[in-house]
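A short worksheet on the structure shown next.
Protein chains: 2
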Amino acid sequence: MAVLKVVKIGGNIIDNEIMLQNFLLEFSKIKGPRILIHGGGKLATQLANKMQVEVNMVDGRRVTDAITLDIATMVYAGKINKNIVAKLQANNCNAIGLSGADGNCVISKKRPVKTIDYGLVGDVVKVNIEILELLLHSNITPVFCAITHDKQGQLLNTNADTVASEIAIGLANVFETELYYCFGKNGVLEDVNNEDSVIETITTERYKGLKEKGIIANGMLPKLNNCFRAIQNNIKTVCIGKPEIVFNKTLKYTTIQK
Amino acid sequence: MAVLKVVKIGGNIIDNEIMLQNFLLEFSKIKGPRILIHGGGKLATQLANKMQVEVNMVDGRRVTDAITLDIATMVYAGKINKNIVAKLQANNCNAIGLSGADGNCVISKKRPVKTIDYGLVGDVVKVNIEILELLLHSNITPVFCAITHDKQGQLLNTNADTVASEIAIGLANVFETELYYCFGKNGVLEDVNNEDSVIETITTERYKGLKEKGIIANGMLPKLNNCFRAIQNNIKTVCIGKPEIVFNKTLKYTTIQK
Chain A
0 MAVLKVVKIG
10 GNIIDNEIML
20 QNFLLEFSKI
30 KGPRILIHGG
40 GKLATQLANK
50 MQVEVNMVDG
60 RRVTDAITLD
70 IATMVYAGKI
80 NKNIVAKLQA
90 NNCNAIGLSG
100 ADGNCVISKK
110 RPVKTIDYGL
120 VGDVVKVNIE
130 ILELLLHSNI
140 TPVFCAITHD
150 KQGQLLNTNA
160 DTVASEIAIG
170 LANVFETELY
180 YCFGKNGVLE
190 DVNNEDSVIE
200 TITTERYKGL
210 KEKGIIANGM
220 LPKLNNCFRA
230 IQNNIKTVCI
240 GKPEIVFNKT
250 LKYTTIQK
Chain B
0 MAVLKVVKIG
10 GNIIDNEIML
20 QNFLLEFSKI
30 KGPRILIHGG
40 GKLATQLANK
50 MQVEVNMVDG
60 RRVTDAITLD
70 IATMVYAGKI
80 NKNIVAKLQA
90 NNCNAIGLSG
100 ADGNCVISKK
110 RPVKTIDYGL
120 VGDVVKVNIE
130 ILELLLHSNI
140 TPVFCAITHD
150 KQGQLLNTNA
160 DTVASEIAIG
170 LANVFETELY
180 YCFGKNGVLE
190 DVNNEDSVIE
200 TITTERYKGL
210 KEKGIIANGM
220 LPKLNNCFRA
230 IQNNIKTVCI
240 GKPEIVFNKT
250 LKYTTIQK
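Next comes the structure, spelled out in structure tokens:
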């Protein structure tokens, strides 16, 4: 079985033109099948500000009304996605930019309103891998933004970490799949202010302890939950760290294990 | 050889939610391979206004500086493209939204500066049909916006009529290809104020005469030039008229012939 690398990059790379360029150059050199999933960085908020649209975040998540969904779709599926694709093409990586609506790849359901109404935010319910298989077997590299759809005509803003883990899980029966979460830190840190305090391995058992001690908290919780969902669903390798870890295994990073 | 329908829709449909919805429903019912190419309508100008970015049109064409290209990419490749795809998916048409950068489908070259500097505007130089064949043979419907790339990492704003004719020409050796230009009028009109004055057939010879008399002028010239380029390059059928002509051949419309 071929090894598939599923790589999620976040705002720290997307917002930095040079870092993005360098990352995409290395990414283009990966041998074998690969999928890139990108977040949105600060651009959506910047556009909202320019358009004088109020930005409403709850626990680091964007409350998405109709105009905010338009902004997210324009920035993520339009500007960021197509610029990444054009840059990869310049590196002779035959990329194709996709949202979850394209090819019906990622179907989600509008998040039910509990204490907070997140609006047009989707939770992934199904990944269709047929087209992804078709593309990957033709040496084409899918590049996903985190806009999905409900198959009823509604686009939905979705968490990019979740899109990454669900796509990886969907393909785990076809490829030996590695999942990389790249962000601005060296990994999950024992001490958030000390980049040298990388926790090299987190098992389910250790995760429980780290949560109890409050070492893993806030925004890291959903990321780690996605990691554990992946590792429990046939993903061979799940790593968290700087983007360079995808290409250079001598760096420090965090590995998730059952 | 299977019949491929390449359909270009413009602003009159895109700017009208109900008309778009109805068109996409009928489009979804087409049997056999089909490609949709969409223009941008008024949304790009509306967004530019909201962002207080100056809009600069010369002869009906958008002068595209870097921020205007961002706007075009966000609106065409993001908002319009993904909403069309989601609507088609709701109709069980397995659509995939593409720019010319995706899969390296449409390569263009920045338009040389003559009397006017159009900025980041591209003229199509090559269509790569491999991925389109792959998708069409898998019963997937490509939906193109008119953003292309130069294969050097630069996106370029491109004329949607040209993208449509070049894609049709590219596929004419693989499919028996029909090209439809859909807009707000019943066809090419003898008298622009009389919707009943549709010129039913325009040959190369007649086109010359119509141009000389000034009956075909301004914005219609590039559209007609695209039509004749298509008909001279193995496209079997080229029609201009209301969107309904794709589904209903009892309506009046203009046919282009050698």
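One line per chain: the protein sequences are A and B, in this order. Note that this note's numbering has the first sequence beginning at 0, numbered continuously upward. Note that this note's numbering has the second sequence beginning at 0, numbered continuously upward. Heads up, the beta-carbon is just placed ideally off N, CA and C, and yes, glycines get one too. Every value quoted in this text rests on a predicted model; they were computed, and no experiment measured them.
Practice problem: Using the Cα positions of A/N11 and B/G186, report the straight-line distance between them to the nearest angstrom. | Solution: Taking the first residue of the first sequence as 1, we reach residue 11 of chain A at position 12. Taking the first residue of the second sequence as 1, we reach residue 186 of chain B at position 187. The straight-line gap from Cα to Cα measures roughly 51 Å.
Quiz item: When we look at the beta-carbon of B/V149 and count the other beta-carbons within 10 Å, is it buried (16 or more) or exposed?
Solution: Within the second sequence, residue 149 of chain B is the residue found at index 150, counting from 1. Residue identity differs from the one stated: residue 149 of chain B is Asp in this sequence, not Val. With 16 or more Cβ atoms within 10 Å of its Cβ, B/D149 is classed as buried.
Practice problem: Identify which residue in B/D58, B/Q151, B/A100 and B/L119 has its Cα closest to the Cα of B/I128. | Solution: Taking the second sequence and counting its residues from 1, one reaches residue 128 of chain B at position 129. Closest by alpha carbon: B/A100.
Exercise. Please confirm if A/L35 has its CB atom under 8 Å from at least one CB of chain B.
Key: For the purposes of this step, residue 35 of chain A is taken as residue 36 along the first sequence, with counting starting at 1. For A/L35, the answer is no, since every Cβ of chain B falls outside 8 Å of its Cβ.
Practice problem: With B/K222 as the anchor, note down where its alpha helix (DSSP H) starts and where it stops. | Solution: Sequence index remark: in the second sequence, residue 222 of chain B carries index 223 (1-based). For B/K222, the enclosing alpha helix (DSSP H) begins and ends at M219 to I230.
Self-check item: Against chain A: residues of the region 97-122 of chain B by CB proximity under 8 Å
Solution: Correct list: L97, S98, A100, D101, G102 and N103.
Quiz item: Assuming A/A171 and A/G38 make a contact with CB atoms under 8 Å, what is their CB distance in whole Å?
Solution: One-based indexing of the first sequence puts residue 171 of chain A at position 172. One-based indexing of the first sequence puts residue 38 of chain A at position 39. The pair is not a contact, with the Cβ atoms about 22 Å apart (cut-off 8 Å).
Self-check item: Amino acids of chain B, ordered along the chain, whose beta-carbon sits closer than 7 Å to that of A/D69
Solution: Mapped onto the first sequence, residue 69 of chain A falls at position 70. Under the 7 Å cutoff, chain B gives K78.
Quiz item: Does any C-beta atom of chain B lie closer than 8 Å to the C-beta of A/A200?
Solution: Here residue 200 of chain A refers to the residue found at position 201 of the first sequence. Rather than Ala, the amino acid found at residue 200 of chain A in this sequence is Thr. No, A/T200 lies away from the interface with chain B (no Cβ there is under 8 Å from its Cβ).
Practice problem: Check B/D14 in the structure and name its three-state DSSP category. | Solution: Numbered from its first residue, the second sequence carries residue 14 of chain B at position 15. Correct three-state label for B/D14: coil.
Quiz item: Taking a cut of 7 Å between CB atoms, which residues from the region 136-150 of chain A lie near chain B?
Solution: Residues of the region 136-150 of chain A with a C-beta less than 7 Å from any C-beta of chain B: S137, I139, I146, H148 and K150, listed in chain order.
Quiz item: By Cβ distance below 8 Å, which residues in the same chain neighbour A/R228 in space, the five residues on each side in sequence not counted?
Solution: Here the question's residue 228 of chain A lines up with position 229 in the first sequence. By the criterion of a C-beta distance shorter than 8 Å, A/R228 is surrounded in its chain by S164 and I168, once the five residues flanking it on both sides are discounted.
Quiz prompt | Under 7 Å from the C-beta of B/T72: neighbouring residues of chain A | solution = Here the question's residue 72 of chain B lines up with position 73 in the second sequence. Close partners of B/T72 in chain A (Cβ separation under 7 Å): G77, K78 and K81.
Exercise. Count the other C-beta atoms from every protein chain shown that fall within 10 angstroms of the C-beta of A/L42, then say buried if there are 16 or more, exposed otherwise.
Key: As a first step, residue 42 of chain A is located in the first sequence; it is residue number 43 there, counting from the start. The residue is buried, with at least 16 neighbouring Cβ atoms inside 10 Å.
Quiz item: Which residues in the same chain as A/N91 place their Cβ atom closer than 8 Å to its Cβ, once the five residues preceding and following it in sequence are excluded?
Solution: The residue labelled residue 91 of chain A in the question sits at position 92 within the first sequence. If you ignore the 5 residues before and after A/N91, its C-beta comes within less than 8 Å of the C-beta of S27, all in its own chain and listed in chain order.
Quiz item: For B/A171, does the three-state DSSP call read helix, strand or coil?
Solution: The residue you call residue 171 of chain B lines up with position 172 of the second sequence. In this structure, B/A171 counts as coil in the three-state DSSP scheme.
Quiz item: Under a Cβ-count criterion, where at least 16 other Cβ atoms within 10 Å of its own Cβ denotes burial, should B/G87 be classed as buried or exposed?
Solution: Counting from one through the second sequence, the residue named residue 87 of chain B turns up at place 88. As written in the sequence, residue 87 of chain B is Leu, which differs from the Gly given in the question. By the 10 Å Cβ count, B/L87 comes out buried.
Exercise. Confirm, please, whether the CB-CB distance from A/G121 to A/N156 is below 8 Å.
Key: In the first sequence, counting from the first residue as 1, residue 156 of chain A sits at position 157. In the first sequence, counting from the first residue as 1, residue 121 of chain A sits at position 122. With a cutoff of 8 Å on beta-carbon distance, A/N156 and A/G121 are scored as near each other.
Quiz item: In chain A, which residues lie with their C-beta within 7 Å of the C-beta of B/V84?
Solution: For this step, residue 84 of chain B is matched to residue 85 along the second sequence. Here the neighbours are A100 and D101.
Exercise. Below 7 Å between beta carbons is the criterion; list the residues of the region 11-23 of chain A that meet it against any residue of chain B, in chain order.
Key: Within the region 11-23 of chain A, no residue has a Cβ that lies closer than 7 Å to any Cβ of chain B.
Quiz prompt | Given 8 Å, three or more beta-carbon pairs between the region 63-74 of chain B and the region 106-123 of chain B | solution = The region 63-74 of chain B vs the region 106-123 of chain B: in contact.
Quiz prompt | Exposure of B/V112, with buried meaning 16 or more beta-carbon neighbours within 10 Å | solution = As a working note, residue 112 of chain B is residue 113 in the second sequence. Its Cβ having fewer than 16 others within 10 Å, B/V112 is exposed.
Practice problem: Drop a sphere of 10 angstroms on the beta-carbon of A/P51, count the other beta-carbons inside from all chains shown, and report buried for 16 or more, exposed for fewer. | Solution: In the first sequence, the residue the question calls residue 51 of chain A occupies position 52. Strictly speaking, residue 51 of chain A in this sequence is Gln, with Pro absent from that position. Exposed, since its Cβ has fewer than 16 Cβ neighbours within 10 Å.
Exercise. Reducing DSSP to helix, strand and coil, say where A/N21 ends up.
Key: What you label residue 21 of chain A is simply residue 22 of the first sequence in a count that begins at 1. DSSP, reduced to helix, strand and coil, places A/N21 within a helical segment of the structure shown.
Practice problem: Within the region 45-104 of chain A, note down every full beta strand (DSSP E) run reaching 3 residues or more, in order along the chain. | Solution: Secondary structure remark: continuous beta strand (DSSP E) runs of at least 3 residues inside the region 45-104 of chain A, in chain order: 94-97.
Quiz prompt | Pairwise C-alpha distance: B/L154 and A/C238 | solution = Walking along the first sequence from the start, residue 238 of chain A turns up at place 239. Walking along the second sequence from the start, residue 154 of chain B turns up at place 155. Looking at the two C-alpha atoms, the distance is approximately 33 Å.
Quiz item: Anyone know if the C-beta pair for A/E189 and A/I230 falls short of 8 Å?
Solution: Locating residue 189 of chain A in the first sequence gives position 190, counting from the first residue. Locating residue 230 of chain A in the first sequence gives position 231, counting from the first residue. No. Outside cutoff.
Quiz prompt | Any C-beta of chain A under 8 Å from that of B/L154 | solution = As a position in the second sequence, residue 154 of chain B is number 155, starting the count at 1. Cβ-Cβ to chain A under 8 Å: yes for B/L154.
Quiz prompt | Beta-carbon neighbours of B/N55, restricted to chain A and to distances below 9 Å | solution = Here residue 55 of chain B is taken as the residue at index 56 of the second sequence, counted from 1. Going along chain A, no residue has its Cβ under 9 Å from B/N55, so there is no contact; the nearest lies around 19 Å.
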